[in-house]
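Trainee: Protein chains in written order, with this note's numbering: chain H, 1 to 137; chain P, 1001 to 1137. For glycine and all other residues, C-beta sits at the position ideal for the given N, C-alpha and C. Sharing a structure, written as structure tokens. Questions coming.
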DNA sequence: CTGAATCCCCACGGATACTG
DNA sequence: CAGTATCCGTGGGGATTCAG
């Protein structure tokens, strides 16, 4: 997502530091935000994967985005890359200790998601049925 | 984010259904993905809030995005809105039961985020220091 | 005070072609 | 195999204005 720092420096003088609420969460949210990071992490939870293995395991991801996603996860210290200078080349991706810790954190969220999937879906249906004409959100 | 369903129907016949991994998580990820949903939910965890209270509590959010975010959260059944037809008008936002459940789920993620904030930051510094010329990711 | 409507920028990300 | 480079469409979201 690449959230630029709050630009206007909050004109209304806030009594409590907003950083108490969101600061720090941003770092994680920026990873969850893009389309692929979580999927890559989940796939790597199953074990070490090569580039094309990740590519096959994650339907729809382009080579470009797989490269960008792994790079960003490496930068955040979630993923470790090992290159074997063979011919043809081989590179292994695996979760770091922090990466596994992160995957555990999102696993609970995934559980919640599965448990409430139908409830969310029905809530949306209800909403959409009640206002068919509106094209907001 | 509005993730379109996996388009190519996985040309390479995958042995295991990719939907086992991501399906269902998407619904939640689409909420976490945007810049503001989580912040709004976290703020509402503290209690019922009026529109301008949310606006002040969440630095940087525009009126437009606050409206869109609350609407989407309402559609997902996370937030309930109460309008008092006074003059000037007053509207209260509060979490539903599912909304509170959701906030509990992301609370653990927020904890993880705070605990690893410095580790992530230092990892990024390390990365950026090692390759100053690269402008990827 | 609580929005709705409009304009518009730009970052995310897909498609494609090229390289070691 | 494992990327890199380039072009380009789409939509998320900021700024601003109008309305009840």
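Can you tell me which of 99(H), 48(H), 47(H) and 88(H) puts its alpha carbon nearest to the alpha carbon of residue 31(H)?
Mentor: 99(H)
Trainee: Tell me where the beta strand (DSSP E) around residue 1094(P) begins and ends.
Mentor: 1090–1095
Trainee: Which of helix, strand or coil does DSSP assign to residue 1050(P)?
Mentor: strand
Trainee: Are the segment 1089–1104 of chain P and the segment 1046–1062 of chain P touching by the rule of at least three beta carbon pairs closer than 8 angstroms?
Mentor: yes
Trainee: Report all residues from its chain with a CB closer than 8 angstroms to the CB of residue 2(H); omit the five preceding and five following residues, and keep chain order.
Mentor: Its pLDDT being 41, under 50, residue 2(H) is placed unreliably in this model, and the coordinates cannot settle the point.
Trainee: Using a Cβ cut-off of 9 angstroms, pull out every chain P residue sitting near residue 98(H), in sequence order please.
Mentor: 1116, 1119, 1120 and 1123
Trainee: With 8 angstroms set as the bound, which would you pick, yes or no: does the beta-carbon of residue 62(H) sit closer than that to a beta-carbon of chain P?
Mentor: no
Trainee: For the putative contact between residue 40(H) and residue 73(H), defined by C-beta atoms under 8 angstroms, what is the C-beta separation to the nearest angstrom?
Mentor: With a Cβ gap of about 6 angstroms, residue 40(H) and residue 73(H) count as contacting.
Trainee: Is residue 66(H) close to chain P, meaning its C-beta is less than 8 angstroms from at least one C-beta of that chain?
Mentor: no
Trainee: Drop a sphere of 10 angstroms on the beta-carbon of residue 1070(P), count the other beta-carbons inside from all chains shown, and report buried for 16 or more, exposed for fewer.
Mentor: buried
Trainee: When you compare only the Cα positions, how much space is there between residue 75(H) and residue 37(H)?
Mentor: Near 12 angstroms, if we compare the C-alpha coordinates of residue 37(H) and residue 75(H).
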